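Only one structure is covered here, and it is reproduced in the block below.
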Amino acid sequence: MASRELEVVHSPQAELPAAGGGLSALLDRLIGPFRRGEAPEHQPAVGFYTDTTVCIGCKACEVACKQWNQLPADGFGWTGNSYDNTGELSATSWRHVKFVEQFADNQPPEPTAKGQPLVDRWLMMSDVCKHCAAAPCQQACPTGAIIHNEFANVYIQPDICNGCAYCVAACPFGVITRSTFSGHAHKCTLCYDRQKDGLVPACAKACPTASIQFGPIDELRARAQRRLEELHGRGVAGAYLYGDAATETYTELHSFYLLIDRPEIYGLPESPFNPWLRMSGDYLRTAIAGLITLAVPVVAFLLWGG
Ligand code: SF4
Ligand code: SF4
Ligand code: SF4
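First residue of the sequence shown? That's 2 in my numbering, and the numbers climb one at a time after it.
Here it is as structure tokens:
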């Protein structure tokens, strides 16, 4: 893959079309941006499988993401709560390695997953957009800025984002943030630009322990199952997969996790819920309210208007 990276760096840049003259050039400039391009061919769905049991919290993924996507640093403040000072995902932090510090003096009151004994430990988890198969952010976006691209990854097109932040409210994982600088919503692109050039996403490439694995979703699920069986065989009874399959209230995630404690311990919802499942009732109530609003003046006019 390294030689492929060099090839891409040295490949010639696309030639810009020569500008024509007169009216046709002017029309081209006016209409061109609104012409529909040809949709790229669908590719097999790809995503991430993150095995948190081998994450060492080095944050190489966070740094690689910032470096590749030219995202600015978030400052050097100490949170004072943890050795993790990134704190959370944001418009400028598309990867965030969570440090869950479970020590005798800050243990959660409830038992850990599947009745495991409490031990002093650090749980590390590299968090990112879950690239949901049916993504509430995409369903909520009024401008069509959020799409599923040809790799079945959820992608924001910032140039047609109006900054309404509906997507921010819709995501059950708290992934999207609107930038206070650009006013647009931002999140992980699953390194769409690198994928287009046949490269592995920067975070997965930089991870020294292969905690972040990238590839076709079906292959990743099979690999995760094998790892799960291995862990169970070694006595890690609490290990399980989060988001690898659909539930009653949410579709499968194209970025799923192997965890060893309850989802809430990692800051994940136990049962994510797609807000669209309750929207039909809201639409019905709005339609009835609209009809009543229209009917009142009509009835009033019929009774007293004449
Ligand atoms: S903030 Fe942008 S991406 Fe998000 S819902 Fe609004 S238009 Fe869509
Ligand atoms: S995790 Fe949130 S931001 Fe990412 S695709 Fe799902 S709903 Fe959208
Ligand atoms: S896939 Fe790319 S954009 Fe997404 S977290 Fe990894 S490095 Fe960042």
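Where is the CB? At the ideal position from N, CA and C, for every residue including glycine.
Note that the structure is a prediction, hence the values are computed from the model and not measured.
Item	Value
Residues proximal to ligand 2 by C-beta, any heavy atom closer than 5 Å	C130, K131, C133, A136, P137, C138, V155, C172, F174, V176, I177
3-residue-minimum beta strand (DSSP E) runs that sit fully inside the stretch 147-227, ordered along the chain	147-149, 155-157, 213-217
Beta-carbon contacts of T250 that lie in its chain and below 8 Å, excluding the five residues immediately before and after	S272, P273, F274, N275, L278
Assigned exposure category for N163 - 16 Cβ within 10 Å defines buried	exposed
Contacting residues, own chain, Cβ-Cβ under 7 Å from Y243 (five flanking each side not counted)	F257, Y258, L260, P264, L269
For Y311, the three-state DSSP class (helix, strand or coil)	In the structure as shown, the chain begins at 2 and stops at 307. Residue 311 is therefore absent and cannot be evaluated.
Pick from L221, F215, S183, A141 that is closest to L72, judged by C-alpha positions	S183
T287: CB within 8 Å of a non-hydrogen atom of ligand 3	no
Where Y156 falls, given that 16 or more other Cβ within 10 Å makes a residue buried	buried
Local Cβ density within 10 Å of E63, reported as buried at 16 or more and exposed below that	buried
Burial state of I311, where buried means 16 or more other Cβ atoms lie within 10 Å	This structure does not reach residue 311, given that the chain is present from 2 up to 307, and the question cannot be answered.
T51 - partner residues in DSSP beta bridges	I213, Y258
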